[in-house]
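Protein chains in written order, with this note's numbering: chain A, 81 to 358; chain B, 15 to 278.
A virtual CB, placed ideally from N, CA and C, is assigned to each residue, including glycine.
See below for the structure under consideration.
Pasting the structure below:
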């Protein structure tokens, strides 16, 4: 039995005419790191909301099919039960920061306080989480005084500290500097290796290919393709459907036409490109 | 219109020294990308160009105007600024009114306003959405509304703060097209970005900031090849630049054409 199990999930927001998710079937094993890619409007954030219980519990609307995480079914659970297993970092960190706390440290402790974790346990857990994402130096700053990328790190940390069994990340590095982005992928990879299940929406194909176990390509609310990162991210189907490609992939595709790329497979990562062009 | 910055220092009221002595000039019509680590001071720097922030020490000149002597409203006729988050900037009930707001405030004639609005909407592919409330649009299109509302002001200097964040390939291409169009019109375009591949493909000059100071400033090909120095401010060279280096190509390549030409 898969740890995450979506069966025939179709969902429509209260005010939209057509379903945003259409007949999604998806199984994810515990400890797997799955990346979700797709053009804007494909339904990526809605899928995150469905996994996190916000769809339909918070947004309402019409849903059919079933969503199970860790053996519990979403429709039979309340949101406050659901969040004990599943953590979601929002696309826009500004929407996630509580507004109720004066410092980054308190902000990260907020979730633990709310779930009744003893005070003695909160401090070390917050400190460890901040070390993991390299934001210990921001502990005493106001969450609102931070740059976009720093705020995003705080938002991510405030979810990681909860140690959810399923971690859902909606473009967690969109405002981060390049090396910071790579570090966050590394942190997420380590969490997955420690047994956390991860679903991450991202556009950065090079790092997906380097760190994720599997890729789901969404388009118009449906799964267009899924499989190993290198297979999915180099597929002609993605190129034809307006998905962004790694520069290694698009350049090798062009090089192939000019006879400068001899291999049958296209690259996604630097190492694959170096190997193929050498 | 030239931008001249002399020994600019800025300290936030909290005591944070965000800019620690920056001097640079940007000529009229230049296309400049600003890159660097989160918290390096990129947004703080560009917010001095339209007077949202005032120097703690030093000066910022926009043409012959010292930003200390002009209001934000006045500076808005010279510097357009597209916020990182469109939601911080949009407030009108429909897209048409939103895009018209800026040029109307600048006191242009009705004909000029209509012409500017029509052009801005066409450039951002929003012509069929003028009656829509911006908040009924997806974040992607709200970003385009934010772009259109600033472009319509027809300022000689336009600033984009992380324009490609969260945008898919199609929209990144649209934004690149808008920037190319502004370049053709002779506008100065200054863009903060973490998307180094986008930076390499669309900008001639790159400034890398680190800890409130200029780390590197020069032609994109020179700056983007300096892997070790860029790493100090958490920036990787573009993908194809890295690939070119690993393959031992002599020159620094920035984009697909340069790479394939160097290879063949």
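Using a beta-carbon distance below 9 Å, is residue i in contact with chain A?
{"i": "residue 219 of chain B", "result": "no"}
{"i": "residue 274 of chain B", "result": "yes"}
{"i": "residue 101 of chain B", "result": "yes"}
{"i": "residue 54 of chain B", "result": "yes"}
{"i": "residue 25 of chain B", "result": "no"}
{"i": "residue 148 of chain B", "result": "no"}
{"i": "residue 31 of chain B", "result": "no"}
{"i": "residue 279 of chain B", "result": "This structure cannot settle anything about residue 279 of chain B, because the visible part of chain B is limited to 15 through 278."}
{"i": "residue 210 of chain B", "result": "yes"}
{"i": "residue 261 of chain B", "result": "yes"}
{"i": "residue 46 of chain B", "result": "no"}
{"i": "residue 270 of chain B", "result": "yes"}
{"i": "residue 39 of chain B", "result": "no"}
{"i": "residue 68 of chain B", "result": "no"}
{"i": "residue 226 of chain B", "result": "no"}
{"i": "residue 28 of chain B", "result": "yes"}
{"i": "residue 49 of chain B", "result": "yes"}
When the distance is taken between beta carbons, is residue j closer than 9 Å to residue i?
{"i": "residue 178 of chain A", "j": "residue 242 of chain A", "result": "no"}
{"i": "residue 240 of chain A", "j": "residue 279 of chain A", "result": "no"}
{"i": "residue 388 of chain A", "j": "residue 277 of chain A", "result": "Past the boundaries of the shown model lies residue 388 of chain A; chain A is included only from 81 to 358, so the question cannot be answered."}
{"i": "residue 189 of chain B", "j": "residue 151 of chain B", "result": "no"}
{"i": "residue 182 of chain B", "j": "residue 137 of chain A", "result": "no"}
{"i": "residue 15 of chain B", "j": "residue 47 of chain B", "result": "no"}
{"i": "residue 330 of chain A", "j": "residue 261 of chain B", "result": "no"}
{"i": "residue 293 of chain A", "j": "residue 113 of chain A", "result": "yes"}
{"i": "residue 243 of chain B", "j": "residue 222 of chain B", "result": "yes"}
{"i": "residue 251 of chain B", "j": "residue 120 of chain A", "result": "no"}
{"i": "residue 180 of chain B", "j": "residue 326 of chain A", "result": "no"}
{"i": "residue 145 of chain A", "j": "residue 90 of chain A", "result": "yes"}
{"i": "residue 146 of chain B", "j": "residue 108 of chain B", "result": "yes"}
{"i": "residue 303 of chain A", "j": "residue 106 of chain A", "result": "yes"}
{"i": "residue 247 of chain B", "j": "residue 98 of chain B", "result": "no"}
{"i": "residue 288 of chain A", "j": "residue 258 of chain A", "result": "no"}
{"i": "residue 40 of chain B", "j": "residue 144 of chain B", "result": "no"}
{"i": "residue 115 of chain B", "j": "residue 123 of chain B", "result": "no"}
{"i": "residue 54 of chain B", "j": "residue 224 of chain B", "result": "yes"}
{"i": "residue 77 of chain B", "j": "residue 23 of chain B", "result": "no"}
Would you please verify whether the beta carbon of residue i is less than 9 Å from any beta carbon of chain B?
{"i": "residue 320 of chain A", "result": "no"}
{"i": "residue 290 of chain A", "result": "no"}
{"i": "residue 229 of chain A", "result": "yes"}
{"i": "residue 256 of chain A", "result": "yes"}
{"i": "residue 126 of chain A", "result": "no"}
{"i": "residue 269 of chain A", "result": "no"}
{"i": "residue 73 of chain A", "result": "Beyond the ends of chain A as shown, which are 81 and 358, falls residue 73 of chain A; an answer cannot be given."}
{"i": "residue 358 of chain A", "result": "yes"}
{"i": "residue 226 of chain A", "result": "yes"}
{"i": "residue 174 of chain A", "result": "yes"}
{"i": "residue 261 of chain A", "result": "yes"}
{"i": "residue 102 of chain A", "result": "no"}
{"i": "residue 222 of chain A", "result": "yes"}
Hey, is residue i close to the ligand FAD, as in C-beta under 8 Å from one of its heavy atoms?
{"i": "residue 108 of chain A", "result": "In the structure shown, the ligand FAD is absent, as is every other ligand, since no ligand is present at all."}
Cutting at 7 Å between CB atoms, please list the residues of its own chain near residue i, excluding the five before and the five after it.
{"i": "residue 86 of chain B", "result": "64, 65 and 66"}
{"i": "residue 202 of chain A", "result": "189, 192 and 193"}
{"i": "residue 123 of chain A", "result": "100, 101, 298 and 301"}
{"i": "residue 178 of chain B", "result": "186, 189, 207, 209 and 212"}
{"i": "residue 44 of chain B", "result": "202 and 219"}
{"i": "residue 265 of chain B", "result": "276"}
Counting only the same chain and skipping the five closest in sequence on each side, list residues whose C-beta sits under 6 Å from that of residue i.
{"i": "residue 42 of chain A", "result": "Because chain A spans 81 through 358 in this model, residue 42 of chain A falls outside it and cannot be assessed."}
{"i": "residue 215 of chain B", "result": "269"}
{"i": "residue 165 of chain B", "result": "134"}
{"i": "residue 312 of chain A", "result": "295, 297 and 305"}
{"i": "residue 249 of chain A", "result": "169 and 280"}
So, at 8 Å on beta carbons, what are the nonlocal neighbours of residue i in its own chain, with the 5 sequence-adjacent residues on each side left out?
{"i": "residue 222 of chain A", "result": "182, 183 and 184"}
Which residues, taken in chain order from the segment 228-252 of chain B, show a beta carbon closer than 8 Å to some beta carbon of chain A? 245, 247, 248, 249, 250 and 252
Between the segment 174-205 of chain B and chain A, which residues of the former have CB atoms less than 8 Å from a CB of the latter, in chain order? 176, 179, 180, 181, 182, 183, 184, 185 and 186
Only counting runs of 4 or more residues, tell me where the alpha helix (DSSP H) segments fall wholly within the segment 97-163 of chain A, in order along the chain. 124-132, 134-137 and 159-162
Can you give me, in chain order, the residues of the segment 321-341 of chain A that have a beta carbon less than 8 Å from any beta carbon in chain B? 322, 323, 324, 325, 326, 327, 328, 330, 331, 334, 335, 338 and 340
Interfacial residues, the segment 118-144 of chain A to chain B, with Cβ spacing under 7 Å: 119, 120 and 121
Extract the residue ranges of the beta strand (DSSP E) inside the segment 148-188 of chain B, only unbroken runs of 3 or more that lie entirely within it. 171-175
Which of the residues in the segment 344-356 of chain A, read from start to end, lie with their CB under 8 Å from any CB of chain B? The residues in question are 350, 353 and 354.
Contiguous alpha helix (DSSP H) assignments of at least 4 residues, all confined to the segment 222-300 of chain A: Scanning the segment 222-300 of chain A for uninterrupted alpha helix (DSSP H) segments of 4 residues or longer gives 228-240, 258-273 and 285-291, listed from N- to C-terminal end.
Which whole runs of the alpha helix (DSSP H) in the segment 162-190 of chain A are 4 residues long or more, in chain order? 173-176
According to a CB-to-CB cut-off of less than 7 Å, which residues of the segment 232-255 of chain A neighbour chain B? 251, 254 and 255
Can you list the alpha helix (DSSP H) stretches of 4 or more residues lying completely in the segment 43-112 of chain B, in chain order? 56-60 and 86-89
Along the chain, which unbroken stretches of the alpha helix (DSSP H) at least 4 residues long are found entirely within the segment 206-272 of chain B? 210-216, 234-237, 241-245 and 253-260
Of the residues that make up the segment 290-305 of chain A, which ones have a beta carbon closer than 7 Å to any beta carbon in chain B? none
With 8 Å as the limit, tell me which residues of the segment 164-191 of chain A have their beta carbon closer than that to any beta carbon of chain B; keep them in chain order. 171, 172 and 174
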